[in-house]
Amino acid sequence: MKEKETPISIEKNLGITPIINLPQNIKKEVILEGWVDAVRNQKRMGFIILRDPTGLAQITIDKEGRPDFQDLPRQLTPESVIRIRGTVVENPQVKLGGLEIIPKEIEIEASADTNLPIPIRGKPASLELRLNWRFLDLRKPENFLIFRVQTALEHAMREYWIKEGFVEIHSPKIMGTPSESGAELFEIANYFGRQAYLAQSPQLYKQYAIASGFPRVFEIGPVFRANPSFTSRHDTEFTSIDVEIGFIRSHHDVMAFEEEWLTYALEKVAEKYNQLLEKFYGTKIVVPSIPFPKITTEEAQNILKKKMGYTPPPDTKPGDLDPQGERLLGEYVKKEYGHEFVFVIDWPTTVRPFYHMRHPDNPSLTKSFDLLWKGLEITTGAQREHRYEVLVAQAKEKGINLESLNFYLEIFKYGVPPHGGYGFGLTRSLMQIFDIKNVREVTFLYRGPNRLTP
Numbered sequence: 136m137k138e139k140e141t142p143i144s145i146e147k148n149l150g151i152t153p154i155i156n157l158p159q160n161i162k163k164e165v166i167l168e169g170w171v172d173a174v175r176n177q178k179r180m181g182f183i184i185l186r187d188p189t190g191l192a193q194i195t196i197d198k199e200g201r202p203d204f205q206d207l208p209r210q211l212t213p214e215s216v217i218r219i220r221g222t223v224v225e226n227p228q229v230k231l232g233g234l235e236i237i238p239k240e241i242e243i244e245a246s247a248d249t250n251l252p253i254p255i256r257g258k259p260a261s262l263e264l265r266l267n268w269r270f271l272d273l274r275k276p277e278n279f280l281i282f283r284v285q286t287a288l289e290h291a292m293r294e295y296w297i298k299e300g301f302v303e304i305h306s307p308k309i310m311g312t313p314s315e316s317g318a319e320l321f322e323i324a325n326y327f328g329r330q331a332y333l334a335q336s337p338q339l340y341k342q343y344a345i346a347s348g349f350p351r352v353f354e355i356g357p358v359f360r361a362n363p364s365f366t367s368r369h370d371t372e373f374t375s376i377d378v379e380i381g382f383i384r385s386h387h388d389v390m391a392f393e394e395e396w397l398t399y400a401l402e403k404v405a406e407k408y409n410q411l412l413e414k415f416y417g418t419k420i421v422v423p424s425i426p427f428p429k430i431t432t433e434e435a436q437n438i439l440k441k442k443m444g445y446t447p448p449p450d451t452k453p454g455d456l457d458p459q460g461e462r463l464l465g466e467y468v469k470k471e472y473g474h475e476f477v478f479v480i481d482w483p484t485t486v487r488p489f490y491h492m493r494h495p496d497n498p499s500l501t502k503s504f505d506l507l508w509k510g511l512e513i514t515t516g517a518q519r520e521h522r523y524e525v526l527v528a529q530a531k532e533k534g535i536n537l538e539s540l541n542f543y544l545e546i547f548k549y550g551v552p553p554h555g556g557y558g559f560g561l562t563r564s565l566m567q568i569f570d571i572k573n574v575r576e577v578t579f580l581y582r583g584p585n586r587l588t589p
C-alpha cells in the first residue's frame, strides 16, 4: 500500500515541490526548500542531503561544471535552511528513491550554528534535553509523523460528528466554580477581585448545551489539572475530546456511538498512515471490530484477583482500577476476546462524580464506563442525571456546596432531556497508536509539575 497523502497544496500555493512529490516530476524543474540533513564534500563532487517534512532528497553538485558552487558544501552546516532550484534526474545509484536534483540555484536562507544542542540524526539525547530543545526534536520525520496522524485523527472524528448531526462548541476555560471537584484545581488568585479557576473539563458546559436544545455536541480543547503526578501518562494541561448526546435511553447508547465513531476514525488513519507507522515505529493500527467487549467493574475485579492473582496497591480506592490493573485487564481481553478495546462498565458511586446517573435496581452503581485500549484508559463516560431533585440529592450526598453549583443546577429545573457523553484522551490515544510509553513524546509542548517552558 502506498502512502496516500501528497501535500500538493504547498506546490500550488508557494511553488515549492514537496520531496514526496519528486517521482511525479522527473526531468522537470522544481523548487525545494528545507533543512540540510547532511553534507558530503569530495574533490570533484559535493552532495547535500535535503530534508523537508515529507522526506529526504540528494542534491548533487558537479564542482567542475559549476565552479560557483565549489565552496558551498564547506559553508553549509547541518540544520541550515536552503532553497534549491534544479532538475529532477533519475539515478539508480542514489539510495533515496533513485532520484537526485541537479541544482541551478542554491540559496542559503538561514545558517545554523555548528554546535547543535541535541542531535537530529543518530542516537537521541535524553528525553528531558529533547523537551528543552523541542523545536529541534520535532524536525525528525518520525516525530513530525505523530502530528500528521493527530491531524488526520481529529479530521476523521470531525467528519463523523458532522455526518451524525453534531454541533461544535467552545466552552469557557475560566470558571467561577470548579467543573469537577475541589481537587486538582488551578486557581486564578485575583480575577478582577474574585476567585476563579481553570476548567478541569468542559463537562458542565456540555450539559448546558444539551439543556439549550443542542441535541448533540462535541468539543476539542484544553483542560487543566493541578495533578502533582510525575508519571509517564499524566500532564497538567492536555487536549480533551468531549462528546455529549441528548435523548439517550442509557449509557449503552453512548458506548454504541463511541465505538462506531472511533472505529471510523481509526480506519481512516490506518488507510492513510499504516505504511509510515510500520516504517518508523514498527507498528500499525488494527481497526477494531464492533461491538467492543464489555466487562462490569465487579467482573474486572474478580478477573484480576481470581484469574490473574493480582492485588492492587493499598492506596487504590475500593472499586477502582490502578494502572497495572488496567494493563493486566487489557492483556486478559486480548487473550480471551481477541480485541484491543474493552468497556469497563457500571462503576461504584464512590469513584464517580455526583452527576452520574445511578442504576435504579442498585443505587450503589452508576451508569458509567471507561474505555481501555491495550490496557490504557482513554475514555471516561456515563449517562448523566437529568432530574433536578435526584441531582441535588446526589450532590448533597457527596458533600458538595450547592451554592457553588447554582448556575449548573438551575438548568435542570426547566426540562433537560436524558443525556450522556464521554471525554476522550487525545494524547493517550496517540501513545497507543505509536506504541510510545510517555505522554511527553506525543505532546507538542508538554506541561507538567516541573515544566513551564518552552
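For the sequence shown, our numbering assigns the number 136 to the initial residue and increments by one for each residue that follows. Beta carbons are placed, not taken as given, at the ideal position from N, Cα and C, and that holds for glycine.
| Check | Outcome |
| --- | --- |
| Take Val404 and list the residues in its own chain whose beta-carbon comes closer than 7 Å to its own, dropping the five residues that flank it on each side. | Val284, Ala287, Leu288, Ala291, Ile420 |
| Using C-beta distances below 7 Å, list every residue in its chain close to Gly257, excluding the 5 sequence neighbours before and after it, in chain order. | none |
| May I have the straight-line CA-CA distance separating Gly550 from Val527, to the nearest angstrom? | 15 Å |
| Quick one, are the C-beta atoms of Thr485 and Arg493 less than 8 Å apart? | no |
| Answer yes if the region 350-364 comes into contact with the region 291-304, meaning at least three C-beta pairs across the two stretches below 8 Å, and no otherwise. | yes |
| If we ignore side chains and look at the alpha-carbon of each, how far apart do Leu273 and Ile323 end up? | 32 Å |
| Please report the distance separating the alpha-carbon of Ile380 from that of Gln193. | 52 Å |
| Return the CA-CA distance between Asp377 and Gln529, expressed in angstroms with no decimal places. | 23 Å |
| Nearest to Lys469 by alpha carbon, out of Leu507, Pro449, Thr501? | Leu507 |
| Quick test of your reading: Asp187 and Leu207, contact by CB under 8 Å. State the CB separation rounded to the nearest angstrom. | Their Cβ separation, rounded to whole angstroms, is 19 Å, which puts Asp187 and Leu207 out of contact at 8 Å. |
| Would you mind reading off the limits of the beta strand (DSSP E) that contains Ala334? | No beta strand (DSSP E) contains Ala334, which DSSP labels as neither H nor E. |
| If you compare alpha carbons, which of Gly460, Ile425, Thr451 is closest to Lys593? | This structure leaves residue 593 out entirely; the chain is present only between 136 and 589. |
| Taking the straight line between their C-alpha atoms, what separation do you get for Gly583 and Glu524? | 39 Å |
| My understanding is that Ile217 touches Val171, with C-beta atoms under 8 Å, so please give their C-beta distance in whole angstroms. | 6 Å |
| Taking only three categories from DSSP, how would you classify Gln338? | helix |
| Just verifying my parser: in three-state terms, what is the DSSP assignment at Val422? | coil |
| To the nearest angstrom, how far is it from the Cα of Glu140 to the Cα of Lys407? | Residue placement at Glu140 is flagged as unreliable, the pLDDT there being 47, under the threshold of 50; the coordinate-derived value follows with that caveat. Their backbone Cα atoms lie some 7 Å apart in a straight line. |
| Could you name the residues of the same chain whose beta carbon sits closer than 6 Å to that of Ser375, not counting the 5 residues immediately before and after it, in chain order? | Val358, Gly558 |
| Take the Cβ of Ile154 as the centre, count every other Cβ of all protein chains shown within 10 Å, and call the residue buried at 16 or more, exposed below. | buried |
| Between the Cα of Arg293 and those of Ala391, Phe270, Ala400, spot the shortest distance and give me the residue it belongs to. | Ala400 |
| Helix, strand or coil for Leu598, going by three-state DSSP, please let me know. | In the structure as shown, the chain begins at 136 and stops at 589. Residue 598 is therefore absent and cannot be evaluated. |
| Check whether the Cβ atoms of His491 and Lys502 lie closer than 8 Å to each other. | yes |
| Please list the terminal residues of the continuous alpha helix (DSSP H) segment that includes Ala391. | 386-416 |
| By the DSSP assignment, the alpha helix (DSSP H) with Ser306 in it spans what residues? | Premise fails: Ser306 is in no alpha helix (DSSP H) and is neither H nor E. |
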